[in-house]
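Student: Would you mind keeping the following structure in view while I ask a few things?
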Amino acid sequence: MAGHAGHSVDDYLETIYFLAFPIGEYQPATGSAAIASRVAEMLGVSRASAGEMLKRLESDGLVERGEQKEAILTTLGIERAQKVVRKHRIIERFLTDFMGYTAAESHVQADELGDTFTDEMIERIDDRLGHPDRCPHGWPVDPDFEQSENRELVALSDLGPGDRATVVRLAEHDGELLHWFYEEGFAPGTPVEVSSAGDGTMTVVAGDESRSIGVKQAAGLFVRRAA
C-alpha cells in the first residue's frame, strides 16, 4: 500500500522500528528520535508528509503518540513491523545468495522489491534458502532472537581505546553509509580494536588495517565486546 512520497505504511513502520530499538529491549524513543522530523530524515521526505503518515498510523492503531509526540509502536504495530523486517532480510539473502548482488546492493534492491513478494513467496524463499539466521548485514531474521541478542551488543562508538570487539551488525538505514562500511572493511565478523578516540573521530584497527572513522559512522556499527 503506497504512502506519502512513494513510501508505504510498512516503510514507515520499519523506520520507526529501527529508531525505537536498534539495540536493546523495546523502549520507545523520546525527544528528537522517533518523531516526524527524524522519520522524515530517514525516509527522505518532508516533515509534513511524515507527520501526515504518522497520524494515519495512529488512526489505524499501529502507533501511539507519547508525551513528547514520539511515535510508539503499539502491540499490533510491533507485530507488523517485525513481519516487515523479517521479509526484508529474507529478500536480501535471496538477492545475495541467488541473484549475485553484493551485500551493500541487496539492501536498496530489497527496499524496491519488498511489496512485490507475497507472504507465501517469502516462506518458499526462506525454505529454499535453508532458513538463514541472518541477513547479509548481520541482522537476525528472527525478531525474537534479535531482541535477545541486542542485550549483548553495543555501538562501536561506545568503545574506548584498547577495547576489542567483533562487528556483528551494520546499520542499514543509510545506503551510502552501508556501502562505505563494506568499502572500509567493516563487514560482519570483522575483529576491531580501538586505538584512539576524540574530537568526533576514532582510530580503529579493522582486521589488519588501521582506519579512521567518525563517531557518527561508528554509531552504526554494532559489535560484541571481546571477552
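Quick note: the sequence shown uses my numbering, first residue 51, plus one each step. For each residue, glycine too, the CB sits at the ideal point set by N, CA and C. Note that the structure is predicted; figures quoted are calculated from it, not measured.
CA-CA distance, Ala55 and Ser96?
Tutor: Within the sequence shown, residue 55 is the residue found at index 5, counting from 1. Within the sequence shown, residue 96 is the residue found at index 46, counting from 1. Per-residue confidence for Ala55 stands at a pLDDT of 48, beneath the threshold of 50, marking its modelled position as unreliable; the derived number appears in the next sentence. So the two alpha carbons sit approximately 9 Å from each other.
Student: Under a Cβ-count criterion, where at least 16 other Cβ atoms within 10 Å of its own Cβ denotes burial, should Leu41 be classed as buried or exposed?
Tutor: What is shown of the chain runs 51 to 277, which leaves residue 41 out entirely.
Student: For Asp64 versus Val134, is the C-beta spacing smaller than 8 Å?
Tutor: Here residue 64 refers to the residue found at position 14 when the sequence shown is read from its first residue. Here residue 134 refers to the residue found at position 84 when the sequence shown is read from its first residue. Correcting the residue type first, residue 64 is Glu in the shown sequence and not Asp. Yes; because the gap between Cβ atoms is below 8 Å, this pair is in contact.
Student: What did DSSP end up calling Arg97 once you bin it into helix, strand or coil?
Tutor: The residue you call residue 97 lines up with position 47 of the sequence shown. In the structure shown, Arg97 sits in a helix (DSSP, three-state: H, G or I).
Student: Which residue's Cα is closest to the Cα of Leu227: Ser198, Val265, Val244, Ala70?
Tutor: Counting from 1 along the sequence shown, the entry for residue 227 is found at position 177. If we check each option's Cα against that of Leu227, Val265 comes out closest.
Student: According to DSSP, which residues form a beta bridge with Val217?
Tutor: Within the sequence shown, residue 217 is the residue found at index 167, counting from 1. Answer by DSSP bridge pairing, in chain order: Val273.
Student: Bridge partners of Ala205, per DSSP?
Tutor: What you label residue 205 is simply residue 155 of the sequence shown in a count that begins at 1. DSSP lists Phe272 as partners of Ala205.
Student: By the three-class DSSP mapping on this structure, what secondary structure does Val191 have?
Tutor: Here residue 191 refers to the residue found at position 141 when the sequence shown is read from its first residue. Val191 falls in the coil class under three-state DSSP.
Student: If we ignore side chains and look at the alpha-carbon of each, how far apart do Met149 and Gln118 end up?
Tutor: Mapped onto the sequence shown, residue 149 falls at position 99. Mapped onto the sequence shown, residue 118 falls at position 68. If you take the alpha carbons of Met149 and Gln118, they lie about 44 Å apart.
Student: State the beta-bridge partners of Arg115 as determined by DSSP.
Tutor: Stepping through the sequence shown from its first residue, residue 115 is reached at position 65. Ala121.
Student: DSSP has Gly248 in a bridge; who is on the other side?
Tutor: For the purposes of this step, residue 248 is taken as the residue at position 198 of the sequence shown. For Gly248, which the question treats as bridged, DSSP gives the partners Thr251.
Student: Please classify Glu75: is it buried, with 16 or more other beta-carbons within 10 angstroms of its beta-carbon, or exposed?
Tutor: The sequence position of residue 75 within the sequence shown is 25, counting from 1. With a pLDDT of 41 at Glu75, under the threshold of 50, the predicted position of this residue should be treated as unreliable, and no value is reported.
Student: If you run the structure through DSSP and keep just helix, strand and coil, what is Ala153?
Tutor: The sequence position of residue 153 within the sequence shown is 103, counting from 1. Three-state DSSP puts Ala153 in a helix.
Student: Mapping DSSP to helix, strand and coil, what is Ala237?
Tutor: As a first step, residue 237 must be located in the sequence shown, where it is residue number 187. Residue state, collapsed to three classes: coil.
Student: Give the secondary structure of Gly225 by DSSP, where H, G and I count as helix, E and B as strand, and everything else as coil.
Tutor: Locating residue 225 in the sequence shown gives position 175, where the first residue counts as 1. If DSSP states are grouped into helix, strand and coil, Gly225 belongs with the helices.
Student: What separation, rounded to the nearest whole angstrom, lies between the Cα atoms of Ser262 and Glu243?
Tutor: Here residue 262 refers to the residue found at position 212 of the sequence shown. Here residue 243 refers to the residue found at position 193 of the sequence shown. So the two alpha carbons sit approximately 12 Å from each other.
Student: With C-beta atoms as the reference, is Pro238 less than 8 Å away from Gly188?
Tutor: Indexing the sequence shown from 1 puts residue 238 at position 188. Indexing the sequence shown from 1 puts residue 188 at position 138. Yes. Within cutoff.
Student: So, helix, strand or coil for Gly264, using DSSP?
Tutor: The residue labelled residue 264 in the question sits at position 214 within the sequence shown. Of the three classes helix, strand and coil, the one that applies to Gly264 here is strand, per DSSP.
Student: Using DSSP bridges, identify the partner residues of Glu243.
Tutor: As a first step, residue 243 is located in the sequence shown; it is residue number 193 there, counting from the start. Paired residues: Arg214, Val255.
Student: Keeping to the same chain, check which residues put their C-beta closer than 7 Å to that of Asp176; ignore five residues upstream and five downstream.
Tutor: What you label residue 176 is simply residue 126 of the sequence shown in a count that begins at 1. Here the set comprises Ile140.
Student: Can you give me the C-alpha to C-alpha distance between Phe167 and Glu173, rounded to a whole angstrom?
Tutor: The residue labelled residue 167 in the question sits at position 117 within the sequence shown. The residue labelled residue 173 in the question sits at position 123 within the sequence shown. Rounded to whole angstroms, Phe167 to Glu173 spans 10 Å at the Cα level.
Student: Would you list the residues sitting across from Arg143 in a DSSP beta bridge?
Tutor: Locating residue 143 in the sequence shown gives position 93, counting from the first residue. In DSSP, Arg143 forms no bridge with anything.
Student: Does the distance from the C-beta atom of Phe272 to that of Leu203 stay below 8 Å?
Tutor: The residue you call residue 272 lines up with position 222 of the sequence shown. The residue you call residue 203 lines up with position 153 of the sequence shown. Yes.
Student: Run through DSSP, which three-state label would Gly81 get?
Tutor: What you label residue 81 is simply residue 31 of the sequence shown in a count that begins at 1. The predicted model places Gly81 with a pLDDT of 45, which falls under 50 and marks its position as unreliable, so this point remains unresolved.
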